[in-house]
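Number of protein chains: 2
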Amino acid sequence: MKKNAFYAQSGGVTSVINATAAALILESKKHKSKIDKVYAGKNGILGALNEELIDTSKESISAIKSLRSRPGGVFGSCRVKLKSLKENKKEYERLVEVFKAHNIGCKKLGYPINCIAIPKTVDNDLAVTDCCPGFGSAAKYIATSTLEASLDVASMSETSTKVFILEVMGRHAGWMAASSALARKDKNDPPHIILMPEVVFNQRKFLTKIKDTVKKYGYCVIVASEGVKNTKGKFLAESNTKDAFGHTQLGGVAPYLSSLINKKLKLKNHWAVSDYLQRSARHVASKTDLLHAEAVGIYAVRYAVKGMNGVMPVIVRNKKKNYSWKIEPAPLSKIANVEKKIPKSFITKDGFNINSKAINYLRPLIIGEVFPEFEEGIPKLSNLKLLLVPKRLKKWSA
Amino acid sequence: MKKNAFYAQSGGVTSVINATAAALILESKKHKSKIDKVYAGKNGILGALNEELIDTSKESISAIKSLRSRPGGVFGSCRVKLKSLKENKKEYERLVEVFKAHNIGCKKLGYPINCIAIPKTVDNDLAVTDCCPGFGSAAKYIATSTLEASLDVASMSETSTKVFILEVMGRHAGWMAASSALARKDKNDPPHIILMPEVVFNQRKFLTKIKDTVKKYGYCVIVASEGVKNTKGKFLAESNTKDAFGHTQLGGVAPYLSSLINKKLKLKNHWAVSDYLQRSARHVASKTDLLHAEAVGIYAVRYAVKGMNGVMPVIVRNKKKNYSWKIEPAPLSKIANVEKKIPKSFITKDGFNINSKAINYLRPLIIGEVFPEFEEGIPKLSNLKLLLVPKRLKKWSA
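Going down the list, the sequences are from chains S and C.
Taking my numbering, the leading residue of the first sequence gets 1, the next gets one more, and so forth.
Taking my numbering, the leading residue of the second sequence gets 1001, the next gets one more, and so forth.
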């Protein structure tokens, strides 16, 4: 019997999560005997609870294909974590109610369902998978931006800015900061200092390193993870900076470091915070990353129609000299609640950089360009209808 | 008699200033009867004072052409302003000494020279010229980034970030902030609020506008010039925020606004500061801007060989329905020390946006893409020799 499929985005979005959605929707059309329509939850799982199901079958094929170059989450995402079945049975009962009403199912509560989780995160911190879709594009953006800004700083350093700080995302894992090292062609090239949450911040060594770097090259480029912590385990961004009202200021490891450099070294400096720009920069996405994102979408459908459940299609790197990869299923139980940080073996002895082993891991992930189509000077977006399936149930309240 | 030409970059660099240099060097080769070599000052005018002249004739044609896609100032720039001839005759005498020694000249001190100034600034605030090379590419970067980040925020707004703030450059003129409006296809699209230095910041109206926008669209995107001032004429970025040491924090209108929104509206928000990224983002440069940058380089040479002096090649917009432009010479006296701000007629009544007249002016400047070549996942850079001409004079000290 034909079933409808339910697709929901969750948590922070990426510049290629919609590419996963597009690939999944298009692949579903190849399995018409098993999958009827793909319903996308409006704002992720909230769409299921609220019975707000977007009928993707109402979209044209070209509209679906256009998602390949649209950053953000077109159906909406959410930061909502369902509690366990024990803790909040009511929520699960509602999900089953909605799924039943719209011909979607759930195994545990007497309704057949196959649940496939699809990887995505710019943080690149999921276990088992070699890398996470979304990360390669953020990494390419960071490497490109670091390269470009470094050329700017180098031009001006004789009489103006000596130190430039770029703050990137990464609360617990420093993969994004580390990827700035891909801007280097030569080992002396910027970035000169990379601050990762995996390494405790040592103020004295940090300031010495800046002084030495400016002396040697005339300028110093620093890329810092938002999640860098001091010896007391506190985020630098929160540790010292208060606004005029006495409130601790949100975010801002870059302004913190800038202030420190002003005070202790009196070196003119500039800082940038890339925030959402880095995770939505589809205009400079990595082709490798985009292909990963599409592949996991395609395999999610294949696993579902095979009747697999509780698995994730993960990216496996083949053990060959030239980079190649494949998709394999991995049990969710091995992935959930594990955080993959940068291993010590990737970090240089002084803690301010990554080594060639890390570069060899990272480099393939940013290879290739897939520029979006531009219209009127900006990336072209297609309009989607985003029509909701007519409701059949009563309004939900938690 | 054949002379050498001297070329110096000055002040803040752009993503296309090297394209101007490349066009100028290549055009010079077409006037071999008048121009022998082009010497580039190392770090701008400092190169002349220090007799550090980079011999561009030693570079291969392909290396010069590669400058078309290299951001920053490849010969180095500087923030040094020569005083008037009256105030510091010694400096001018040194320049003449260096110019004489290397077959370059100076009219006022008995040596024939033609001085041509070439426009460049991401601030777009030069008088007479319709626009400034460097601006169009920064504007394209800002419009693209605003579009992409807005899609991200829109996806998450139901349960997470409601307000996003992007801080852009512009100390006195808001052209860069205004260009974020080019991200819009429809009048209701983000950015919802643009803060320009031309409009005094009104906190009450600002907070009300955010509240109304979040109510209407679920989220609010703000683009703010670093130079926004309060009613007392003080930069917001400096007005209230102090670090833990009691020092006024440098930069940061975005964290200031974030802090304000936290306190007064309690709305979850995120902020980004694009800083040097926006002015070096050659990877998303505007083709129109690049063509402008090249044309002013070419015309600078043509004016010089014609014997013109004290002029600037400016961009003139033809008065036709479809955008077209030409280069004309304008006297420097009309350009120096004048700042072209956004006219009132471009700004909406509430002061938070620009109107269709402004859009019509701005849109053509970001049209067209000229992606650089990528290698190993990042923009490809060619190596230049940057060889100095052997010195003939004693060391200079100011």
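Glycine included, each C-beta is placed from N, C-alpha and C at the ideal position.
This one's a predicted model, so the numbers in the text were calculated from it and none came from an experiment.
(request) Please go through the segment 1304-1345 of chain C and give each complete beta strand (DSSP E) segment of 3 or more residues, from N-terminal end onward. (result) 1311-1317, 1325-1331
(message) List, from N- to C-terminal side, the beta strand (DSSP E) runs of 3 residues or more that fit wholly inside the segment 1027-1062 of chain C.
(response) 1035-1041, 1053-1055
(message) Taking beta-carbon pairs under 8 Å, can you tell me which members of the segment 1277-1297 of chain C lie near chain S?
(response) Using a CB distance below 8 Å, the part of the segment 1277-1297 of chain C facing chain S consists of L1277, R1279, S1280, A1281, R1282, H1283, V1284, S1286, ordered along the chain.
(request) Determine, using beta carbons only, whether W175 of chain S comes closer than 8 Å to chain C. (result) Working through the first sequence from its first residue, we reach residue 175 of chain S at position 175. Judged by the 8 Å Cβ criterion, W175 of chain S is not in contact with chain C.
(message) Along the chain, where does the alpha helix (DSSP H) containing S1225 of chain C start, and where does it finish?
(response) As a first step, residue 1225 of chain C must be located in the second sequence, where it is residue number 225. Segment 1220-1225 is the beta strand (DSSP E) holding S1225 of chain C; no alpha helix (DSSP H) there.
(message) For R1279 of chain C, tell me which candidate among S:A149, S:E59, S:L387, S:S180 has the shortest Cα-Cα distance.
(response) Here the question's residue 1279 of chain C lines up with position 279 in the second sequence. Each of S:A149, S:E59, S:L387, S:S180 was checked against the Cα of R1279 of chain C, and the nearest Cα belongs to S:A149.
(request) For Q1249 of chain C, name the three-state secondary structure that DSSP assigns. (result) Working through the second sequence from its first residue, we reach residue 1249 of chain C at position 249. Legend: pLDDT at Q1249 of chain C = 48, less than 50; position of this residue unreliable, value from coordinates given subsequently. Three-state result, Q1249 of chain C: coil.
(request) With distances taken Cα to Cα, identify the nearest neighbour of G136 of chain S among S:S15, S:P190, S:L384. (result) Taking the first residue of the first sequence as 1, we reach residue 136 of chain S at position 136. When only C-alpha atoms are compared, the closest one is S:S15.
(message) I'd like to know if C78 of chain S contacts chain C, where contact means its C-beta is closer than 8 Å to some C-beta of that chain.
(response) Taking the first residue of the first sequence as position 1, residue 78 of chain S is located at position 78. Closer than 8 Å: yes.
(message) Which residue marks the beginning of the beta strand (DSSP E) containing A5 of chain S, and which one marks its end?
(response) Here residue 5 of chain S is taken as the residue at index 5 of the first sequence, counted from 1. Start and end: 3-7.
(request) Kindly indicate if chain S contains any beta-carbon less than 8 Å away from that of F1164 of chain C. (result) Within the second sequence, numbered from 1, the residue matching residue 1164 of chain C stands at position 164. True, the Cβ-Cβ gap to chain S drops below 8 Å.
(request) Output the distance between the C-alpha atoms of V96 of chain S and I298 of chain S, rounded to the nearest integer angstrom. (result) What you label residue 96 of chain S is simply residue 96 of the first sequence in a count that begins at 1. What you label residue 298 of chain S is simply residue 298 of the first sequence in a count that begins at 1. Computed Cα separation, rounded: 25 Å.
(request) Following the continuous beta strand (DSSP E) through V1228 of chain C, name the residue where it begins and the one where it ends. (result) To locate residue 1228 of chain C, count along the second sequence from 1; it is residue 228. Neither: V1228 of chain C is in no beta strand (DSSP E) and is coded neither H nor E.
(message) Under 7 Å, CB to CB, which of the residues in the segment 133-165 of chain S have a partner in chain C?
(response) So the list reads K140, A143, T144, S145, L147, E148, A149, L151, D152, V153, A154, S155, M156, E158, T159, S160, F164, given in the order they occur along the chain.
(message) Quick check: the segment 1131-1145 of chain C against the segment 1282-1294 of chain C, are at least 3 beta-carbon pairs closer than 8 Å?
(response) yes
(message) What does the alpha-carbon distance come out to for the pair I1354 of chain C and L387 of chain S?
(response) Position 354 of the second sequence holds residue 1354 of chain C. Position 387 of the first sequence holds residue 387 of chain S. Straight-line Cα distance between these residues: approximately 33 Å.
(request) For P1313 of chain C, count neighbouring Cβ atoms within 10 angstroms of its own Cβ and tell me buried if that reaches 16, exposed if not. (result) What you label residue 1313 of chain C is simply residue 313 of the second sequence in a count that begins at 1. By the neighbour-count rule (16 or more Cβ atoms within 10 Å), P1313 of chain C is buried.
(message) Given this structure, state the Cα-to-Cα distance separating K1319 of chain C from L1085 of chain C, to the nearest angstrom.
(response) Here the question's residue 1319 of chain C lines up with position 319 in the second sequence. Here the question's residue 1085 of chain C lines up with position 85 in the second sequence. Distance between the alpha carbons of K1319 of chain C and L1085 of chain C is about 40 Å.
(message) For a test of the three-state rule: what should DSSP assign to E238 of chain S, helix, strand or coil?
(response) The residue labelled residue 238 of chain S in the question sits at position 238 within the first sequence. In the structure shown, E238 of chain S sits in a helix (DSSP, three-state: H, G or I).
(request) Could you tell me whether any Cβ in chain S is nearer than 8 Å to the Cβ of A1019 of chain C? (result) Numbered from its first residue, the second sequence carries residue 1019 of chain C at position 19. Not one chain S Cβ lies under 8 Å of A1019 of chain C.
(request) Check each residue of the segment 1176-1194 of chain C: if its Cβ is closer than 8 Å to any Cβ of chain D, include it; give the result in chain order. (result) Checking the listed chains, one finds no chain D in this structure; the protein chains it contains are S and C.
(message) Looking only at its chain, what residues have a beta carbon closer than 6 Å to the beta carbon of V370 of chain S, apart from the 5 residues adjacent to it on each side?
(response) Numbered from 1 along the first sequence, position 370 holds the residue referred to as residue 370 of chain S. Excluding residues within five positions, the ones whose Cβ falls inside 6 Å are A285, K287, L290.
(message) Taking the beta carbon of D1350 of chain C as the centre, do at least 16 other beta carbons fall within 10 Å, making it buried, or is it exposed?
(response) Your numbering for residue 1350 of chain C matches position 350 in the second sequence. It is exposed - the Cβ of D1350 of chain C has fewer than 16 other Cβ atoms within 10 Å.
(message) Just to check my reading of the structure: P1197 of chain C and G1233 of chain C have Cβ atoms closer than 8 Å, yes? What is that Cβ distance to the nearest angstrom?
(response) As a first step, residue 1197 of chain C must be located in the second sequence, where it is residue number 197. As a first step, residue 1233 of chain C must be located in the second sequence, where it is residue number 233. That pair is no contact at about 11 Å.
(request) Specify, as a first and last residue, the run of the beta strand (DSSP E) that A1143 of chain C falls within. (result) In the second sequence, counting from the first residue as 1, residue 1143 of chain C sits at position 143. Here A1143 of chain C belongs to no beta strand (DSSP E); instead the alpha helix (DSSP H) covers 1135-1156.
(request) Spatial neighbours of A952 of chain C within its chain, please: CB distance less than 7 Å, with the 5 preceding and 5 following residues excluded, ordered by chain position. (result) The requested residue 952 of chain C is not part of the displayed model; chain C covers only 1001 to 1398.
(message) Is there a Cβ of chain C sitting closer than 8 Å to that of L46 of chain S, yes or no?
(response) Start at 1 with the first residue of the first sequence, and residue 46 of chain S comes out as number 46. Yes, because at least one Cβ of chain C sits closer than 8 Å to the Cβ of L46 of chain S.
(request) Note down the Cα distance separating G73 of chain S from P1190 of chain C, rounded to an integer number of angstroms. (result) As a first step, residue 73 of chain S must be located in the first sequence, where it is residue number 73. As a first step, residue 1190 of chain C must be located in the second sequence, where it is residue number 190. Put simply, the backbone Cα of G73 of chain S is about 16 Å away from that of P1190 of chain C.
(message) Taking 8 Å as the cut-off, does the segment 1163-1178 of chain C touch the segment 1260-1269 of chain C (at least 3 CB pairs, one atom from each stretch)?
(response) The answer is yes - the segment 1163-1178 of chain C touches the segment 1260-1269 of chain C, with three or more Cβ pairs under 8 Å.
(message) Using only CA atoms, which one of C:K1391, C:K1394, C:R1392, C:L1362 lies nearest to G1174 of chain C?
(response) In the second sequence, counting from the first residue as 1, residue 1174 of chain C sits at position 174. Checked all of C:K1391, C:K1394, C:R1392, C:L1362; the closest Cα to G1174 of chain C is C:L1362.
(request) Give, in chain order, every residue of the segment 262-277 of chain S whose Cβ lies closer than 7 Å to some Cβ of chain C. (result) N262, K263, H270, W271, A272, V273, S274, D275, Y276, L277
(message) Whole angstroms are fine: how far does the CA of N114 of chain S sit from the CA of P331 of chain S?
(response) For the purposes of this step, residue 331 of chain S is identified with residue 331 of the first sequence, where counting begins at 1. For the purposes of this step, residue 114 of chain S is identified with residue 114 of the first sequence, where counting begins at 1. Near 13 Å, if we compare the C-alpha coordinates of N114 of chain S and P331 of chain S.
(message) Taking the alpha carbon of V1214 of chain C as the reference point, which residue from C:N1202, C:S1258, C:E1158, C:A1178 has its own alpha carbon closest?
(response) The count along the second sequence starts at 1 and reaches residue 1214 of chain C at position 214. The residue with the shortest Cα to Cα distance from V1214 of chain C is C:E1158.
(message) Taking 8 Å as the threshold (C-beta atoms), are I359 of chain S and V199 of chain S in contact?
(response) Here residue 199 of chain S refers to the residue found at position 199 of the first sequence. Here residue 359 of chain S refers to the residue found at position 359 of the first sequence. Between V199 of chain S and I359 of chain S, the gap from beta carbon to beta carbon reaches 8 Å or more.
(message) Please tell me whether E91 of chain S has its Cβ less than 8 Å away from any Cβ of chain C.
(response) Your numbering for residue 91 of chain S matches position 91 in the first sequence. Not closer than 8 Å to any Cβ of chain C, the Cβ of E91 of chain S fails to qualify, so no.
(request) List the residues of chain S that V1122 of chain C touches, going by C-beta distances under 8 Å, in chain order. (result) As a working note, residue 1122 of chain C is residue 122 in the second sequence. Under the 8 Å cutoff, chain S gives no residues; its nearest Cβ is about 11 Å from V1122 of chain C.
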